[in-house]
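Colleague: If you count the sequence shown from 1, you need to add 26 to reach the numbering used here.
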Amino acid sequence: MCEVSKERDSAESTTRSTHDFAIFPIPKRLRHDPARPPQFGTVLNIVFAFTSTFVIANLYYSQPLLIQLAQSFGVTYDEISRVPTLVQGGFGAGLVFIAPLGDLSPRRPLLLLLVGASMLITVGLAVTKSFLAFQILNFLIGVVSLAPQILVPLAADLAPSHRRATAISIVISGLLLGILISRVMAGIVAQFVSWRIVYYVSVGMQAISLASLWATVPDYPSQNKELTYAKILWSVLRLSVTEPTLIQAALVQLGGAAVYTEFFVTLTFLLGDNPYNYDTLIIGIFGLIGLVGVCGSPIYGRIIDRVTPWHVSIVTTLGFTLTYALYWGAAGVNIAVPVIVTFGLDVFRQSQQTSLAARVFELEDGLRSRLNAVCMIAIFLGQVIGSAVGSEIFLKHGWRANGALMTAFCLFQLAVLLVRGPHVPRYTWFGYAGGLKWIREDIHLRAADEERASASVDDETRAPSVAADTKSVKRMHSEHIVGASDIQTVVSDAYEDKVKDVDMEKR
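1. Tell me where the alpha helix (DSSP H) around Gln274 begins and ends.
2. Taking the CB atoms as reference points, tell me whether Gly213 and Gln439 lie closer together than 8 Å.
3. Confirm, please, whether the CB-CB distance from Ser248 to Pro132 is below 8 Å.
4. Identify the residues that DSSP records as bridge partners of Pro51: which are they?
5. Would the segment 412-431 count as touching the segment 353-364 if we require 3 or more Cβ pairs under 8 Å?
6. Roughly how many angstroms separate the alpha carbons of Asp305 and Met402, rounded to a whole number?
7. Measuring only the C-alpha atoms, how far is Asp104 from Gln379?
8. Where does Ile124 sit, in a helix, a strand or coil, going by DSSP?
9. Tell me the DSSP secondary structure of Val338 in three-state form.
10. Let me check understanding here. Comparing Cα to Cα, which of Ile405, Met211, Leu277, Asp391 lies closest to Ile309?
11. Note the first and the last residue of the continuous alpha helix (DSSP H) segment covering Tyr226.
12. Who are Val333's beta bridge partners in DSSP?
13. Return yes when at least one heavy atom of the ligand ZN lies under 7 Å from the C-beta of Ala143, else no.
14. What number of angstroms, rounded off, separates the C-alpha of Pro490 from the C-alpha of Pro60?
15. Tell me the DSSP secondary structure of Val499 in three-state form.
16. Keeping to the same chain, check which residues put their C-beta closer than 8 Å to that of Val197; ignore five residues upstream and five downstream.
17. State the start and end residues of the unbroken alpha helix (DSSP H) segment that holds Asp104.
18. If you follow the alpha helix (DSSP H) that His423 is in, where does it begin and where does it stop?
19. Under DSSP, the alpha helix (DSSP H) around Arg62 begins and ends at which residues?
20. Helix or strand or just coil, what does DSSP make of Gly345?
21. Can you tell me the Cα-Cα spacing of Glu418 and Phe50, whole angstroms?
22. Could you compute how far the alpha carbon of Pro448 sits from the alpha carbon of Leu253?
23. DSSP three-state call for Arg446: helix, strand or coil?
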């Protein structure tokens, strides 16, 4: 058995890719080596977050520029209003048909291809003088701006289990940061120079992202080589109706995205009317308040690494509810209320999204891109609902009615969470089987994993003896000396003995 394993590892080592797209060399330290799995550190986490920021921003640059775009292309406001719709439509198509590919193809070339394509399309947006071409390119930029949807599951795959939520939180903070700064940057830049400069800046940022990905992302192999594209798409549909944890998280994500989008879409109406009467520049800068909440992402992640994600989701959703209740009561009375709501919204939304993602990603390793795709489709639908319904309610009935609607969305999320507890079996739809323990039961084991990782040299010196124990057990099993349960006991005891040896030496 060991010889077969060695031959397999040797074959994988000799056939592993040395070039991206058979043209661009992969740095040797990033090439796949079964004997040395890729490590996930701070630098890679920052690169993931940076890339997420400036790729997701592609979806929002046009929104503050609509007046300038209409004047530049000589079209009506009705015609130019189709541009954000086309971008979001392209993004929705990409979520369905491209995002699940993270479970089928190697992630490094997929990421480089997507970011390279979005960069080239952005060049077209910056230089085109045809409104038809501008519309087509906006649809395409939506389709390919999916690198964050590959990066979030990849961060979950590469990060050690005891730091997984922290890694996810930092990448998600990049997503939220991109949504915030894209609108602010586009609005401010367009006040003083041509709208085309916004897209030129975007090209530069995506070029930096592309170079950073090439220099840092390991050539992580495909996890499901036996699957086909058709099977991947079918499994997305199957997962969306058969996984209780996923469905629960997706419904909460839908509600959370709806209220988040609803607030920011109607914030302009609230601040631009009595009693505030702020201009568009002040309203744009107002959105920067949310940056303070985004900066706390490592803290949120560390909390989720120690507490069950379900409990964090409950607390953040309660925070959502109280925040919108405050909006409902006094948003149009004192400017302090919109400030508090904006800050609280970003804190609670990021924590909620991270906790839900962490819980869903625990279902099964090889499904993470598809699980993430289902959640992102729910978020996309929530954004559509929040934009359409929120604007309609606010313009017809005012900010109090809008606050009541957002509070109702929060109560819906809370109800969905409460029908199913944190420790129920995977395919149980309702109830609280397993109790309500809020501290992760495996926290001490995960801490031990972190210590053992820091003593990797000691572990490597003991690897031959552990392998010998394992080989001996396999020989015993082949000779029918022991049963399956006995094998498990022997292997477990051998592993625990080695861990104790390491701990004793460290003391």
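Just so it is clear, CB atoms sit at the ideal spot from N, CA and C, and this is done for glycine as well.
Modeller: According to the structure data:
1. 270-298
2. no
3. yes
4. His45
5. yes
6. 33 Å
7. 34 Å
8. coil
9. helix
10. Met211
11. 222-242
12. Ile465
13. The ligand ZN is not among the ligands present in this structure, which contains no ligands whatsoever.
14. Any reading at Pro490 must be qualified, since the residue scores a pLDDT of 48, below 50, and its modelled position is unreliable; the value itself is stated next. So the alpha carbons of these two residues sit roughly 17 Å apart.
15. A caution first: Val499 carries a pLDDT of 42, below 50, which makes its placement in the model unreliable, though a value can still be read off. Reduced to three states, the DSSP call for Val499 is helix.
16. Asn71, Phe74, Ala75, Ser78, Pro174, Leu177, Val178, Ala181
17. 103-106
18. 394-423
19. Here Arg62 belongs to no alpha helix (DSSP H), and DSSP marks it neither H nor E.
20. helix
21. 51 Å
22. 31 Å
23. strand
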